[in-house]
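Number of protein chains: 2
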Amino acid sequence: MSGATGRQIVSVGAGIAMRYRLLPDGGRQIIMFLFPGDACNVNLYSPSPFDDSLAAVTAVRIDRINHDSMLDVLRVEPAVNAGLWAMADEQSAIIRNQVTSLGRCDTRVRIAALLCDLVKRFAAGMGASAALALPITQSLLADAVGVTHIHFNRVVGEFGKMGLVETRRGTLFIRDVSGLEDIAKPLRSSTYWH
Amino acid sequence: MSGATGRQIVSVGAGIAMRYRLLPDGGRQIIMFLFPGDACNVNLYSPSPFDDSLAAVTAVRIDRINHDSMLDVLRVEPAVNAGLWAMADEQSAIIRNQVTSLGRCDTRVRIAALLCDLVKRFAAGMGASAALALPITQSLLADAVGVTHIHFNRVVGEFGKMGLVETRRGTLFIRDVSGLEDIAKPLRSSTYWH
DNA sequence: CGGCGGATTGATAATGGTCAATTGTGGTGG
DNA sequence: CCACCACAATTGACCATTATCAATCCGCCG
């Protein structure tokens, strides 16, 4: 409502975006993919170290909310604060999972786990059926799991031969989610705890 | 104030703790080390997926705050909410850094970066001089950077020969922080942006 | 003294990276 | 309609980093 746009919360309204970081040597690490409903920065109170960048993966609509008006809302409706915390917690859990995946699993597991995760979150953001066609290039997916796009290709080709996925220029089709979940099992500690 | 202790915020009062995750194959990934002042779980509003575990690294004192009393405080003193968000943001930044490190840097860089980070945060929690003697075993540090304790040892031995660190049974002495920062440079995107 | 946990070292194997080239597909302009 | 280009995917040969397996050493404590 206020004409002057100060600091804002920016969140993904439609499409897929990514949060990434460039390294001096030209390398790129994708921290996480962002789906509709995911906010990128809820720095309502502190400038907060924001040392990485945002970019669109597909065509994207971005929603912006002024910090000031959000603070106004929070004063009246404290429940919104809970919602913000819930989102922050969820994103945090995703990233902790990513840490474990990168640190302790080999490429096959990492890739399978990433794909399962994307399908699940993609389904939440768009339709469940649309989620089985991920419009993300292999290079991007590779940069998310921390391997070369070329090695990614080999592994994904292996998955293809197993009937788990199918690849077409620019999009990756998921054919057998439970098969992927099976490969990703070494990451899911749930198997450990029962 | 309420006598019954329901859900609580738990934070490190003194010593060093760690947040980690076990895998079915027996592997362990340390998500992050916790120093005095770091809270482990600020799940004031939602149960929040907490899929990893906590353990002490050194002798530790744990501070607990009831959720209910914290909520009372927040109603009276909204500035506390800002403090909580700031802490969450900072921890989030540390973990995003960790993701980049694990995904895109080789062992030398990862180790150097971890040590720099620990020294800095350790210094904030304890005295600055005490920070140069990290009471953490090589196995734990290895599980944080995602390598074998044995490969960690080789790299840290190399650092030792360069005069950067010194190792004694159970603690690692930092001798040359700026030397380590130099090795960790490939991770610091700041070098890229100026 | 004996034993244990942490650290160290060597030999070997595997995973994943690098370099280099090729194919395929879609888009664009003539 | 075709030539051409750009980007994504694919493949092969070779190399480097890191894991694995197996001992051994060292300091500390009971």
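Chains as they are written, first to last, in my numbering: chain D, 1 to 194; chain E, 1 to 194. Quick reminder that beta carbons are idealized off the backbone N, C-alpha and C, glycines included.
- Exposed is the label assigned to P47 (chain D), since fewer than 16 other Cβ atoms lie within 10 Å of its Cβ.
- Burial check for V147 (chain D): the Cβ neighbour count within 10 Å reaches 16 or more, so the residue is buried.
- Just measuring C-alpha positions, the residue of D:L102, D:V109 and D:V60 sitting nearest D143 (chain E) is D:L102.
- For C40 (chain D), there is no enclosing alpha helix (DSSP H); the residue is part of the beta strand (DSSP E) that begins and ends at A39 to N41.
- When the Cα atoms are used, C116 (chain D) and N97 (chain D) turn out to be separated by approximately 12 angstroms.
- A Cβ-Cβ contact shorter than 8 angstroms links A113 (chain D) with A184 (chain D).
- For I136 (chain D), the three-state secondary structure derived from DSSP is coil.
- In the three-state scheme derived from DSSP, where H, G and I count as helix and E and B as strand, A59 (chain D) is classed as coil.
- Nearest CB-CB separation between D89 (chain E) and chain D: below the 8 angstroms threshold.
- The beta carbon of L118 (chain E) sits no closer than 8 angstroms to any beta carbon of chain D.
- Rounded to whole angstroms, D63 (chain E) and N41 (chain E) show a C-alpha spacing of 12 angstroms.
- Look at the region 45 to 111 of chain E and you find these whole runs of alpha helix (DSSP H), each 4 residues long or longer: 67 to 76 and 79 to 104.
- Minimum Cα-Cα distance from I150 (chain E) among the listed residues E:V57, E:A124 and E:T107 corresponds to E:T107.
- The DSSP-derived three-state label of F35 (chain D) is coil.
- In the structure shown, L180 (chain E) falls within a helical segment according to DSSP collapsed to helix, strand and coil.
- Think of a sphere of 8 angstroms around the beta carbon of G146 (chain D): the chain E residues whose beta carbon falls inside it are L102, G103 and R104, in chain order.
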